[in-house]
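Residue numbers (the working numbering), protein chains in the order written: chain A, 59 to 347; chain B, 11 to 287; chain C, 15 to 192.
Using N, Cα and C, we set each Cβ at its ideal position, and we do this for glycine too.
Note sheet for the following structure.
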């Protein structure tokens, strides 16, 4: 069996005068890859490209060995692809079951009994099996995200692209999500974008950091975290020598600095520390304590 | 009565139906207010294999009745027309088939037809302005991303976008054209059918244009141009003979054919997100 | 403390379209409702359909229960009427179940006479047709028309039998224990 893979070579995408992506080279294999980056970095554009919703303006994309520029191959890719967009405007009057059933129809589940069973299976995966008959318009934001996720999970696709799947989802559901994705990622390529470094740390083996349309980092999560080793320390006051510092829940200050220091109280670095270091302590990053 | 419960023999004879009416009535009255005894009756019934009803199967059917979406009238019509069940559902789900939309279209047409019937020669112009653009507006709304708000997940499915759009177009025309024809019967003279070829032409133009821009924008643009042209013609001449001429009608036919060819040539752009989104 | 939600709580959840709560309600009530229905109609499929109709009706209008009385009584009211509806559309006769024994067993007579006086005995002396009418109209609360549909007899027969049954019962009760 051939291992699933996605590759991008010199990929760029321009919208009129704006260059959303440039010079992207990537190779993706089965497993969970996290996509981090500030707003406007190009995460959504990259995900749309991977999901064959947009063609690149430069470079080449290859998904599962197929070329999305060729219509027949694009259709074949889409048979094995699930995509959860950042926002889904659900049509009025649809229940969760009806909507996922509709997408299942588009995914060529023509036989009703099998289709209904599959719809129930994915609704169950996202914890909505009891709310299939509820109108989506009457649901909370987190529940709607889960409906959007459910339709992406139809058919246990070989490629799963998720745009901010954890936004608005409560902590218990996040744990369930992690389990579901980990299971799928044994044989499938899962790419998810998020603002939460904890999600990447908990779920992803690999992380890609995007900034202004370019790849700043691409590698194992542990390696990125390791870049902050020896550069994180606690103090009672914010340290002026640090690149970033913030108040933690214990009342002390966590400092992340560019240079290693010996005379301070070091702590184990987290992915967030490494990410902040990489980004150069950019002030637009919002930190939760 | 909270302390008192049915004894096992009474319960058994109730479930096995070996009791009398009076005893049964007594049991039934008790069950109405005693949850534990109801539970015992439930349990006893499954143990005693006495013409037991498959409650699990009934549950499955009940749940299906409530969860699985019911086909709409339009969907059933499509099935009768020969479309396979799953395709009928796909076509019917488009926004344009919401009742409100169709009512609105019918209202506009009725108004225009009335104007034509009442206003004689001058009254024909409103009808001629409105009738040809109705079909293309309804077609556009059946797959425009602004109205069909689930577009992004739909786009990356393997279902051929071309087939979906064509099916929806045909379904819409099957609804819209007879409606317009019906209203056209109220309109005196040959103008009643002069709008047909322009209507087909505009639908084709919208289909072709949707490979560049959003269908609804294309339809609104086409409609605005047409209404403008009709207004100019109406202001300059009294009767709509210009439109009725074979040359003009043939022109619309040519427009339809050319647009449709362009649409087919550029169909790969149908199934991708546009930059304007 | 009983941590299981009460029926009323379940109904509220059903109003919010919670299929899980609805399933629990089904598991609590479908069994005894089916048994009670089966004592009025021995066509299994009809009873199954009536149960389905009942719960669909509950889902569609959970607010129909106004909090007065037992939910079980409310459910039974829906169930028996759904059974009657189903019978209306059936061309063949669905035989009404006849209780095997007309009279209570000796050992139960004491209990029954405490609860109902001599009604048990009086009922036992009625013909099966009259008993069926009493059960349908007096005990199940059906209208004469509904009872006619349930028993598959003309409405006039229902009224006649009811009249005679009541007359018999009055006479029997006036007589005192035999």
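Secondary structure at residue 6(B), three-state DSSP: helix, strand or coil? Outside the displayed span of chain B (11 to 287) sits residue 6(B), for which this structure offers no information.
Residue 194(B) (DSSP reduced to helix, strand or coil): helix
Buried versus exposed call for residue 103(C) [16 or more other C-beta atoms within 10 Å across all chains shown]: Exposed is the call here.
Which of the three DSSP states is assigned to residue 83(B) in this structure? helix
Between residue 144(C) and chain A, is the shortest Cβ-Cβ distance under 7 angstroms, so that the two count as touching? No - not a single Cβ of chain A is within 7 angstroms of the one on residue 144(C).
Under the DSSP definition of a beta bridge, which residues are partnered with residue 217(A)? Looking at the DSSP assignment, residue 217(A) forms a beta bridge with 139(A), 247(A).
Could you give the first and the last residue of the continuous alpha helix (DSSP H) run that contains residue 37(B)? 31-41
Endpoints, beta strand (DSSP E) assigned at residue 75(A): Neither: residue 75(A) is in no beta strand (DSSP E) and is coded neither H nor E.
Between 88(C), 72(C), 164(C), which lies nearest to residue 32(C) when the distance is taken from Cα to Cα? Closest option to residue 32(C), Cα to Cα, is 72(C).
For residue 148(C), which residues in the same chain have their Cβ closer than 6 angstroms to its Cβ, ignoring the five residues on either side in sequence? 179
Under the DSSP definition of a beta bridge, which residues are partnered with residue 278(A)? 264(A)
So, with DSSP's three-state summary, where would you put residue 88(C)? helix
Identify each residue in the segment 68-102 of chain B for which the Cβ-Cβ distance to at least one residue of chain C is less than 9 angstroms, and report them in chain order. 68, 69, 71, 72, 73, 75, 76, 77
Verify the contact flag: residue 172(B), CB atom, against every heavy atom of the ligand NAP, threshold strictly below 6 angstroms. Absence of the ligand NAP is noted for the structure shown, with no ligands found whatsoever.
Specify the secondary structure class of residue 167(B) as computed by DSSP and reduced to three states. coil
Rounded to the nearest angstrom, what separates residue 108(A) and residue 57(C) at their Cα positions? 58 angstroms
Nearest-angstrom Cα distance between residue 79(B) and residue 177(C)? The C-alpha of residue 79(B) lies about 48 angstroms from the C-alpha of residue 177(C).
Per-residue DSSP class, three states only, for residue 134(A): Helix at residue 134(A).
Interface residues of the segment 61-76 of chain C facing chain B [CB-CB below 7 angstroms]: Residues of the segment 61-76 of chain C with a C-beta atom less than 7 angstroms from some C-beta of chain B are 61, 62, 65, 66, 69, 70, 73, listed in chain order.
Report yes or no: is there a C-beta of chain A within less than 7 angstroms of the C-beta of residue 25(C)? no
Mapping DSSP to helix, strand and coil, what is residue 30(C)? coil
Contained alpha helix (DSSP H) runs [length at least 4] in the segment 282-321 of chain A, N- to C-terminal order: Listed in chain order, nothing qualifies, since the segment 282-321 of chain A has no complete alpha helix (DSSP H) run of 4 or more residues.
Can you find a CB in chain C that lies within less than 7 angstroms of the CB of residue 188(A)? yes
Enumerate in chain order the residues of its own chain whose CB-to-CB distance from residue 269(A) is below 8 angstroms, with the five nearest sequence positions on each side excluded. 95, 96, 99, 337
Using a Cβ cut-off of 7 angstroms (strictly closer), state whether residue 48(B) contacts chain C. yes
Between which two residues does the alpha helix (DSSP H) carrying residue 205(A) extend? First-last of the alpha helix (DSSP H) with residue 205(A): 199-211.
Determine the burial state of residue 135(C): buried for a count of at least 16 other Cβ atoms within 10 Å of its Cβ, exposed for fewer. buried
If the criterion is Cβ atoms closer than 7 angstroms, does the pair residue 62(A) and residue 103(A) meet it? no
Within a Cβ cutoff of 7 angstroms, which residues of the same chain sit near residue 103(B), ignoring the five residues on either side of it in sequence? Cβ within range, chain order: n/a, list empty.
On the three-state DSSP scale, how would you describe residue 324(A)? If DSSP states are grouped into helix, strand and coil, residue 324(A) belongs with the strands.
Mind listing the chain B neighbours of residue 268(A)? Cutoff is C-beta to C-beta under 9 angstroms, in chain order. Simply none; closest approach about 19 angstroms.
Could you list the residues in the segment 30-42 of chain C with a C-beta less than 7 angstroms from some C-beta on chain A, going in chain order? 31, 32, 33, 34
Whose C-beta lies closer than 6 angstroms to the C-beta of residue 10(C) among residues of the same chain, with five residues either side of it excluded? Examination of residue 10(C) is not possible in this model, given that chain C is present from 15 through 192 alone.
Which residues in chain E sit within 9 angstroms of residue 169(B), going by Cβ to Cβ distance? Among the protein chains in the structure shown, which are A, B and C, there is no chain E.
Mind checking who residue 67(A) pairs with in its DSSP beta bridge? Answer is 118(A), bridged to residue 67(A).
Below-7 angstroms beta-carbon distance, residue 294(A) vs any chain B residue: no
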